[in-house]
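Input: a single structure, listed below in C-alpha cells.
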Amino acid sequence: MSAITTSDVLVIGGGIQGASAAYHLAQRGVSVQVLEKDTVSRHASGVNAGGVRLLGRHIAEVAMSKEAMQRWHQLDDELDADTGFRARALINIAADEADLNTLAQREQQMHGLGYFHEVRLNQQELRERLPFVADHCVGGVVSEQDGYAIPFHSTHAFRRAAQRHGALFNEGEQVEQIRRVGNSWMVTTSAGRYQAEHLLNCAGAWGDLISVMIGDNVPMSYSAPMLMITARMPHFATPVVGAVSRPLSFKQFENGTVLIGGGAKGFADRANNRTRLDYKLIANGAKNAIDFFPIMKTASINRMWSGLEGYMPDNLPVLGKSPRAENAYHAFAFSAHGFQLGPVIGEVLADLVTTGESRFDLDPFRINRYDRKVL
Amino acid sequence: MNDLNAMCSEQGFKNSFDIAVIGAGPAGMSAAITATEAGARVIVLDDKPRSGGQIYRNVDASPLKQPEQLGEDYLKGAELTAAFSRCGAEYLSGVNVWHVGDNGEILLSENGETTRLTARQIIIANGAMERPFPIPGWHLPGVMSAGSAQVMLKSDGLVQDDAIFAGTGPLLYLIVAQYIRLGVRVRALVDTTPKANYFDAMAEIAGAFSAPEMLLKGLGLINEIRRAGVTVYKHAHDLAVIGEDKMQGLRFTSGGNTQEVQADHLFLHQGVIPNLNITRALGVEHSWCEQQLCWKPKLNQWGQSSLEHIAVAGDASGIVGADGARLMGRITALKQLQLLSLKSVAECQSDAAADLQKLQKMQRFRKFIDRLYRPIDLHRIPEDDTTVVCRCEERTLADLKQGFELGGRLPDQLKGQTRCGMGPCQGRMCGHTVSELLARWRGDRVADVGYYRLRSPMRLLTLQELSLFSDLTPSNNPQTEVKS
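Sequences listed follow chains A and B, in order. Position in the first sequence counted from 1, then plus 29, gives you this note's numbering. Position in the second sequence counted from 1, then plus 3, gives you this note's numbering.
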C-alpha cells in the first residue's frame, strides 16, 4: 500500500465547485489535494449549457449569484485564462398574459428585497432586442449583466489557477472509503490514501454517496438534462434567451452555432457514467425553439447530449458545514444551475474552512433541511 | 415461427422487426437475403437511392455506356443486388439513420420526417470511409479523395481530366485504371507506398499465395497504368499541396529529389477505415487494430459486439473487402437467426462452416495487403504545424499542440480545449489522426488514448424535423426548468 498523502484540505470532485474551492484555498496558502474519479470537468461542469445567469434566481441564491456575477466579469484576468465568458443581456420571454403577471409579481418581490437588476420589457422593447422573436411573444424581462462562458474552459481555468498556487489534482481516483480518525479525515481511493484536517464534498451528481460516507443523509436525486447544438447559422440573436414559463433556453455563440437547452431530462445511468437521450422529449425542446424563433426551423442539429447532474427536491443546492461531522463541508446538487455560482462557491467554502463562517446566509442550503419532512 | 415472432408481426407492431440491417452494400444485402430465406422479418435501411453500397454503386443502373470498363469486380455486384431485390426484405432506400440505441431503437429520416422503429437484432453494415490524409494544404479546394472520384464516376459518369492521383492502396490503382480505360487524361500517379513495405509484406507472402488470383489482379492494374504512359512517381513522401486559396500543384519527395507537379485537381487516397459513427455512438466496445491502423468494434467470429443484439458486418467491422463483407453478412445473419430461434445451434454452425473457413483464408490475404499498403506515419500523423487536422473547425496541428499543453490528454479533452472534432462531421475526418497524435505526444499506445465520445444524431438533422418527432404537449412545469 502506498504512503499516505497529507494536506490541509481534501476536495472530492473535480468539477467547477471543487476546482474553484481548490483555487480559493490554495490562494490563501492552504494545502489542497483534489480527488476526481474521472477527469477534471468530465461531467456536468464540462458539458452544461454555459449559462452565466443572474436573471430569475431563487431568492435564496440572489445574493451569492450577484457576487458571482461580478467575479465573472473579471474572471479571465483573475485566473489569467480564457473562460470564454461573454457579457450578454439575458432575456426571459413572456408568451402570454399569465407570463406577464408572473413577471409583475416577481418584480414586486425583488424590489421589496432591494434587488433591481431584473428589468421588465414591453413587446416593443423585446422586439428591438430580439428582432426575430415570434409575433405572439408579448414582453419579457432582462438582466443586463448576465452572459455565457465555455464550461470546459472555465473549469480548467480554475484548475490551472489552483495548480499555480500549489493545489494538486488527482484524476482517475474514485473515493472508496472515508473515515474519521482522531482529528483527521482518512480517505482511501482506488489509487491511494489521503489524510487531511478538512474534507470538502464537491461530488456533484455523486454528492449523496460521499455525504453518506461522511455521515449525512440527503434526499438527492440525479438526472440527465439534455442539450443540443446547431451547425453555424447567420447571426440572429445577441442576448441569451429563456422563457418565463416554457422550457426554452438558447444562446447563439459568436461562431454562429446555437446551443439549445430547456431542461428536458434524459435517462441517467450513473453507475456506468452514461446517459441516454429521450428523443421525444428533446424534440419538444426543438418545437419550443421554433415556436419562439421561427428562423430556427432550418437550423441543422449537429450534436445532442446530456450530462449527469444532482438535484434536490427544492432545486436548491446543498451548501455548508456538515451538521454531524467535524470539519466536513458540502457543495453539491446545484440542480442544473451551479455553473454561474462556481466563482463564489469556492470563496464560500474557503471561508468556511479558514474562518468557520460565511458572509452569506446558507441556511436554505442545509443538508438536513428535509430531515423532519416526509417527502 | 415462435410466439415472440408472431407477436412482432401483429398489427400495431408494424414498425417492429426481427432484424434491422443498416446499409445495403454487400454485407447488408447478403445478411438480408440469408435472414429472409429463413423466415425472419427483416428491414434494410440505406442512405443511397439504390442498393449496392459504395462498391456496387449503380451497378444495375450505370450512367456509363460501357460499365464493363469499371471491371469484373464491379459487374459481379449485379447478381447480388438482383438477389437482394427478390429476397422479400423490407427495404427503405434514401433514408438517413440518425440514431441507433443500445435498446434496439432506430430513428431514421426520410424526406424530412423522422420515423422510429425497433428491432430485436440489429446488423450494422454501414461500410467504410477513406482514411484521412492530413498533409499541408489537403483542405484546399481542388483536393478531393479518390473515393469521391469514383462516386462521381459511378453515379453520374463525371470525370476530371489532368488530375494527380496520390497515395497508396488497391482502390487508388483501380480508379486510375478505370480513368485510363475511359480515356481520361491522368497527370500523374504519385505512389506513396514505401520501398520498405514490399520487404515487410514478404513476411505475409504465404497469405498472399492463399489467394493468387487477387495478387495477380493487383499487379495487373499497376501494369495497366504504366503501359498507358501515365507518369508514376514511386515511394513518394513529404506530400504538400501547393496553393493559397486553391490547389495549384503537389510537392513531394521521390527518388531522393523534391518534385513539383502542377495540376488543378488532386485525388488523395491511402486506404479505407471502418465507418465508426454509429458503433461509437451506440457505445459498443472498440479496440485499436495495429494491422489496419484503425479503430474497430470488438466482435466475436459471428460479428456480435459487446452488446449481444448488435452485430457488425462488412467493412464497418474492420476492412474485409466486398467478398469478405458478403461472407460476414451471411455469418452474422445466421447467428442472429439462431438467437431468434429460427435456426438451431447445429444448423447455424453447419450453415456457416464453409463461410467461416473462406473468411479466414481471406483474412490471411488481407494481412499481406494491409502490410503492403500500410500508409507511412508522416501521412497519418502530421508534423507540419500548418497542417489542418480538423477541417470543419479549421484546427491546425499548432492549435492541437497548444490544446495538449493546456491539458488536453484525451481526445474529448483536446476537443474541449480546441474545438477539434466539434464540427458537422463530428470527428469523422480527424478522429483517427487525433488518437494517433495524442498517443505519440503522450508516449502511450493508441489503445490507451481512446477516441471521441460520440453522440447522435449521426447525420445533421433540421430542428424542424426533430420538432415534428413528438407526440407530447409542451410541459409548463417550472420544476423541470434548467437554465444554467
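We treat Cβ as the ideally placed atom computed from N, Cα and C, and that holds for glycine.
query, result
"Terminal residues of the beta strand (DSSP E) in which N199 (chain A) lies", "197-200"
"Limits of the unbroken alpha helix (DSSP H) element including N200 (chain B)", "198-205"
"Straight-line gap, H227 (chain A) to G446 (chain B) (C-alpha atoms, nearest Å)", "37 Å"
"Own chain, CB closer than 6 Å to I396 (chain A), minus 5 neighbours either side, in chain order", "D245, V247, V347, H359"
"Straight-line gap, W101 (chain B) to E288 (chain B) (C-alpha atoms, nearest Å)", "20 Å"
"Cβ separation of Y454 (chain B) and W298 (chain B), assumed to be a contact under 8 Å, to the nearest whole Å", "6 Å"
"Cβ-based neighbour list, I41 (chain A), same chain, cut-off 6 Å, excluding 5 preceding and 5 following", "L64, V204, N230, A232, I239"
"Three CB pairs or more closer than 8 Å across the stretch 256-275 of chain B and the stretch 301-313 of chain B", "no"
"Distance, A328 (chain A) Cα to T476 (chain B) Cα", "At T476 (chain B) the pLDDT is 35, less than 50, meaning the model places this residue with poor confidence; the figure from the coordinates comes in the next sentence. If you take the alpha carbons of T476 (chain B) and A328 (chain A), they lie about 22 Å apart."
"Cβ neighbour criterion (16 or more within 10 Å) applied to R208 (chain A)", "exposed"
"Cutoff 7 Å: N302 (chain A) Cβ touching any chain B Cβ", "no"
"Bounding residues of the alpha helix (DSSP H) (the contiguous stretch that carries R445 (chain B))", "434-445"
"Cutoff 7 Å; reference L306 (chain A); Cβ partners in own chain excluding five residues on either side", "M255, G295, M333, S335"
"R377 (chain B) versus G130 (chain B) - alpha carbon distance", "20 Å"
"C-beta atoms of F472 (chain B) and A312 (chain A) nearer than 7 Å", "yes"
"M331 (chain B) versus G321 (chain B): straight-line alpha-carbon distance, rounded", "11 Å"
"Sufficient close CB pairs (3 or more, under 8 Å) joining the stretch 44-59 of chain A to the stretch 139-158 of chain A", "no"
"C-beta contact flag for S385 (chain B) and P137 (chain B) at 7 Å", "The question names Ser, but residue 385 (chain B) in the sequence shown is Pro. Going by C-beta atoms, P385 (chain B) is nearer than 7 Å to P137 (chain B)."
"Cutoff 7 Å: L95 (chain B) Cβ touching any chain A Cβ", "no"
"Secondary structure of M333 (chain A), DSSP reduced to three states", "strand"
"C-alpha distance - D474 (chain B) paired with D387 (chain B), whole-angstrom precision", "Confidence is the limiting factor: at D474 (chain B) the pLDDT is only 43, short of 50, which leaves the residue's position unreliable, though a coordinate-based value still follows. Their Cα atoms are separated by approximately 52 Å."
"Closer than 7 Å to chain A by CB, R458 (chain B)", "yes"
"Nearest residue (CA-CA) to Y182 (chain B), options B:G327, B:G232, B:H238, B:V449", "B:G232"
"CB contact below 7 Å: F198 (chain A) versus chain B", "no"
"Neighbour flag for L466 (chain B) against chain A, beta carbons, 7 Å", "yes"
"Assigned exposure category for P29 (chain B) - 16 Cβ within 10 Å defines buried", "buried"
"Contact with chain A by P414 (chain B), beta-carbon distance below 7 Å", "no"
"Under the three-state DSSP convention, the category L64 (chain A) falls into", "strand"
"Delimiting residues of the alpha helix (DSSP H) encompassing C351 (chain B)", "348-375"
"Cutoff 7 Å: I120 (chain A) Cβ touching any chain B Cβ", "no"
"Beta-carbon contacts of G430 (chain B) that lie in its chain and below 6 Å, excluding the five residues immediately before and after", "G424, Y455"
"Proximity to Q366 (chain B) [Cα-Cα], best of B:Q307, B:S213, B:V146", "B:S213"
"Chain B contact residues for W15 (chain A), given Cβ-Cβ distances below 8 Å", "The requested residue 15 (chain A) does not occur in the structure, where chain A is confined to residues 30 to 404."
"Exposure label - A55 (chain A); buried when at least 16 CB within 10 Å", "buried"
"Contact with chain A by F472 (chain B), beta-carbon distance below 7 Å", "yes"
"Exposure label - R193 (chain A); buried when at least 16 CB within 10 Å", "exposed"
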